[in-house]
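K.L.:
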Amino acid sequence: MLRSLFLTGIYFSFIGLGLAAPFVLSLGYVWVSIFRPQSVAYAILPAIPISLLLGVLAIGWFVVRDLRYPPRLTPVLCLILAMGLWVTFTTAVLAVAPEAAWGKWDWAFKTIVFSAFMVFVFRSRIQIEALVQVICFSFAAHFLLVGAKTLVSGGGYGKELGLLGGNTGFGEGGNFAAATQMCVPLLLYLARHSLLAPRWKLTPFGYIGLACLAVVASIGTYQRSALVGIGVFGLALWWRSKRKLLVGGICLAGALVLAFATSSAWLERMGTIDDYNTESSALTRILVWKWTLGFVAEHPLGGGFHSYLINEIRSPPTPDRPEGVVQQARAFHSIYFEMLGEHGWPGLALFLAINLLTLLSLERVRRQTKGLEQFVWCRDLATALQLALLVLLSSGAFVGIGFQPMFWYLFALGACLHHHWQRASAEIRVARRGEGLAAAGWVPRRVREARVRAAAR
Numbered sequence: 004m005l006r007s008l009f010l011t012g013i014y015f016s017f018i019g020l021g022l023a024a025p026f027v028l029s030l031g032y033v034w035v036s037i038f039r040p041q042s043v044a045y046a047i048l049p050a051i052p053i054s055l056l057l058g059v060l061a062i063g064w065f066v067v068r069d070l071r072y073p074p075r076l077t078p079v080l081c082l083i084l085a086m087g088l089w090v091t092f093t094t095a096v097l098a099v100a101p102e103a104a105w106g107k108w109d110w111a112f113k114t115i116v117f118s119a120f121m122v123f124v125f126r127s128r129i130q131i132e133a134l135v136q137v138i139c140f141s142f143a144a145h146f147l148l149v150g151a152k153t154l155v156s157g158g159g160y161g162k163e164l165g166l167l168g169g170n171t172g173f174g175e176g177g178n179f180a181a182a183t184q185m186c187v188p189l190l191l192y193l194a195r196h197s198l199l200a201p202r203w204k205l206t207p208f209g210y211i212g213l214a215c216l217a218v219v220a221s222i223g224t225y226q227r228s229a230l231v232g233i234g235v236f237g238l239a240l241w242w243r244s245k246r247k248l249l250v251g252g253i254c255l256a257g258a259l260v261l262a263f264a265t266s267s268a269w270l271e272r273m274g275t276i277d278d279y280n281t282e283s284s285a286l287t288r289i290l291v292w293k294w295t296l297g298f299v300a301e302h303p304l305g306g307g308f309h310s311y312l313i314n315e316i317r318s319p320p321t322p323d324r325p326e327g328v329v330q331q332a333r334a335f336h337s338i339y340f341e342m343l344g345e346h347g348w349p350g351l352a353l354f355l356a357i358n359l360l361t362l363l364s365l366e367r368v369r370r371q372t373k374g375l376e377q378f379v380w381c382r383d384l385a386t387a388l389q390l391a392l393l394v395l396l397s398s399g400a401f402v403g404i405g406f407q408p409m410f411w412y413l414f415a416l417g418a419c420l421h422h423h424w425q426r427a428s429a430e431i432r433v434a435r436r437g438e439g440l441a442a443a444g445w446v447p448r449r450v451r452e453a454r455v456r457a458a459a460r
């Protein structure tokens, strides 16, 4: 009961603070969508539609109190809105499993639409950092427990080590590992640039410690996609670093520690990556992907959410099972085949375009802020978001997380940062132009008229 009261207090604190600062209501919605307090609490919150209530309050109170400086309609924002319309169309018109499709549409559509709304809400540096902090610490509530148990017991495949059980959402190991690794570059960014955290000497080490624990937690899931994500993150971090020798040495040392510290069971499971022809789960993924390509050949616009429910996968004969194995309703286990099977070639194209344009806009921010000391935080945050997105794109090749909040909140963060830099750079250009004109002896008309009136008095 104490846990329920504590979480209920946090929930209503977001509402209370949000009445004074509307963007806090959006932070509360992000916390609810990631932490899932209604699934953790035993009483009170499970009986309240907390996500719907916070979403309506966030949008309504923002329109009433804080609707100003709307961002320009950029290609990324247009594509996010187009994705929301397209998944609604495939669900309403093309769904091969309508009842299940509407169930997933209910939360996926809200995630997409709210990510577009977030671009309007988070405008200043403090607001953007607050969003990063809430995302990281909402996930930290999950991976702190898993990381601690992994250090004590070594983790394990299929074990319920976190706050959420079951095989869905962040209770599923692949989803959890991908989301946890996504937090690592964001936590490293906060270690260097946080303004909201207390300015103690040990504060940066706290963020670094959380990042290390996130890596440990992802390893403790025994998910092979986690190893892929770690490898891509290490390579991208080395590529982006100015001190390649130092970063390369740290990555090598980390790999050696991982090799010696992990159990033989973990090493055996990672070793099955190469043995995909005989390893059952890997082979099943490949057969599902082949089925998806055949399905899309007949349904190029997709079959709506959860279209995999109609599949039938036949595994080849083995010495133990000479008749083979027939499996039904096997999930896609890949963001790319998930998009393709559910929403066809248009859905996959939209998803890839959003990712590509987000990466390009972040690269533009990195290049344009180079050498500007007061915008080092923009450059480092753009780098962190790029690394986080690359981790999700790589590990997501083997996990169906295409509509989980972490992807769409990264898109929103990238758009928020891009719009913030656009406004800041415009102010810099205006200030520089004014300094140049003043140096040339030109004075604006309004200033001249004011001087004449003052002299006349």
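Converting from the sequence shown to the numbering used here requires adding 3 to each position, the first position being numbered 1. C-beta atoms are modelled at their ideal positions from N, C-alpha and C, and glycine is treated no differently. Treat the numbers as computed from the prediction; the structure is a model and nothing was measured.
By how many angstroms is the C-alpha of Gly232 removed from the C-alpha of Pro319?
P.N.:
30 Å
K.L.:
Tell me whether the beta-carbon of Val299 lies closer than 8 Å to the beta-carbon of Gly347.
P.N.:
yes
K.L.:
Which of helix, strand or coil does DSSP assign to Ser428?
P.N.:
helix
K.L.:
Let me check understanding here. Comparing Cα to Cα, which of Leu57, Leu5, Thr224, Trp105 lies closest to Ile18?
P.N.:
Leu57
K.L.:
Give a yes or no on contact between the region 140-157 and the region 359-371, applying the rule of three or more CB pairs nearer than 8 Å.
P.N.:
no
K.L.:
Going by the beta-carbon positions, is the gap between Gly150 and Gly223 smaller than 8 Å?
P.N.:
It is a contact, given that the beta carbons lie within the stated cut-off.
K.L.:
Should the region 74-82 be regarded as contacting the region 368-380, the criterion being three or more beta carbon pairs within less than 8 Å?
P.N.:
no
K.L.:
Compute the distance between the beta-carbons of Asn314 and Ala285, then report whether it is under 8 Å.
P.N.:
no
K.L.:
Comparing C-alpha positions only, which one of Arg288, Arg39, Ser127 sits nearest to Ala400?
P.N.:
Arg288
K.L.:
If you drop the 5 nearest sequence neighbours on each side, which residues of the same chain put their C-beta closer than 7 Å to that of Val35?
P.N.:
For Val35, same chain residues with a beta-carbon under 7 Å away, outside a window of 5 residues either side, are Ile53, Ser54, Leu57 in chain order.
K.L.:
For Ala200, which three-state DSSP category applies?
P.N.:
Residue state, collapsed to three classes: coil.
K.L.:
With the cut-off set at 8 Å, would you say Pro188 and Ala387 are in Cβ contact?
P.N.:
yes
K.L.:
Confirm, please, whether the CB-CB distance from His336 to Val402 is below 8 Å.
P.N.:
The answer is yes: Cβ separation under 8 Å.
K.L.:
Could you pull out every residue in the same chain whose Cβ sits closer than 7 Å to the Cβ of Thr295, ignoring the five residues on either side in sequence?
P.N.:
Phe335, Phe340, Leu343, Gly344
K.L.:
Out of Gly417, Ile404, Phe15, Thr11, which one is the CA nearest neighbour of Ala44?
P.N.:
Thr11
K.L.:
With H, G and I counted as helix, E and B as strand and the rest as coil, what does DSSP make of Val135?
P.N.:
helix
K.L.:
Any chance the region 116-126 sits against the region 20-30, with 3 or more Cβ pairs inside 8 Å?
P.N.:
yes
K.L.:
DSSP on Gln407, reduced to helix/strand/coil?
P.N.:
coil
K.L.:
Nearest by alpha-carbon distance to Ser118: which of Ile357, Arg382, Tyr225 is it?
P.N.:
Nearest option by C-alpha distance: Ile357.
K.L.:
Tell me the rounded alpha-carbon separation between Cys419 and Met4.
P.N.:
Rounded to whole angstroms, Cys419 to Met4 spans 38 Å at the Cα level.
K.L.:
Would you kindly work out how many angstroms separate the C-alpha atoms of Leu198 and Phe410, rounded to a whole number?
P.N.:
The straight-line gap from Cα to Cα measures roughly 25 Å.
K.L.:
Give the single residue among Gln407, Phe236, Glu132 whose Cα lies nearest to the Cα of Leu393.
P.N.:
Phe236
K.L.:
Taking the alpha-carbon positions, what's the Ala104 to Val96 distance?
P.N.:
11 Å
K.L.:
I need the boundaries of the alpha helix (DSSP H) containing Val402, first residue and last residue.
P.N.:
Note, Val402: premise wrong, no alpha helix (DSSP H); not H, not E.
K.L.:
Among the candidates Val33, Tyr14, Leu70, whose CA atom is the shortest distance from the CA of Pro49?
P.N.:
When each option's Cα is compared against that of Pro49, the closest is Tyr14.
K.L.:
Indicate the three-state DSSP secondary structure (helix, strand or coil) for Tyr279 in the structure shown.
P.N.:
In this prediction, Tyr279 scores a pLDDT of 48, lower than 50, which makes its location untrustworthy; no coordinate-derived value is stated.
K.L.:
Arg39 and Leu167 - do their beta-carbons sit closer together than 8 Å?
P.N.:
In contact: Leu167 and Arg39 (Cβ atoms closer than 8 Å).
K.L.:
Just to confirm, are Phe354 and Gly405 a CB contact at a threshold of 8 Å?
P.N.:
Result yes, Cβ atoms of Phe354 and Gly405 sit closer than 8 Å.
K.L.:
Would you tell me roughly how many angstroms separate the C-alpha atoms of Tyr2 and Gly297, rounded to the nearest one?
P.N.:
There is simply no residue 2 to check, as the chain begins at 4 and stops at 460 in what is shown.
K.L.:
At which residues does the beta strand (DSSP E) containing Gln330 begin and terminate?
P.N.:
In the DSSP assignment, Gln330 falls within the beta strand (DSSP E) that extends over 328-331.
K.L.:
From the DSSP output, read off the bridge partner residues of Ile316.
P.N.:
Gln330
K.L.:
Taking the alpha helix (DSSP H) that Arg243 belongs to, which residues open and close that run?
P.N.:
227-243
K.L.:
Roughly how many angstroms separate the alpha carbons of Glu282 and Val218, rounded to a whole number?
P.N.:
For Glu282, the predicted structure reports a pLDDT of 48, less than 50, and the residue's modelled location is therefore unreliable. The matter cannot be settled from this model.
K.L.:
Taking only the alpha-carbon atoms, compute the straight-line gap between Leu3 and Lys245 and give it to the nearest angstrom.
P.N.:
Any answer about residue 3 is impossible in this case: the structure gives the chain only from 4 up to 460.
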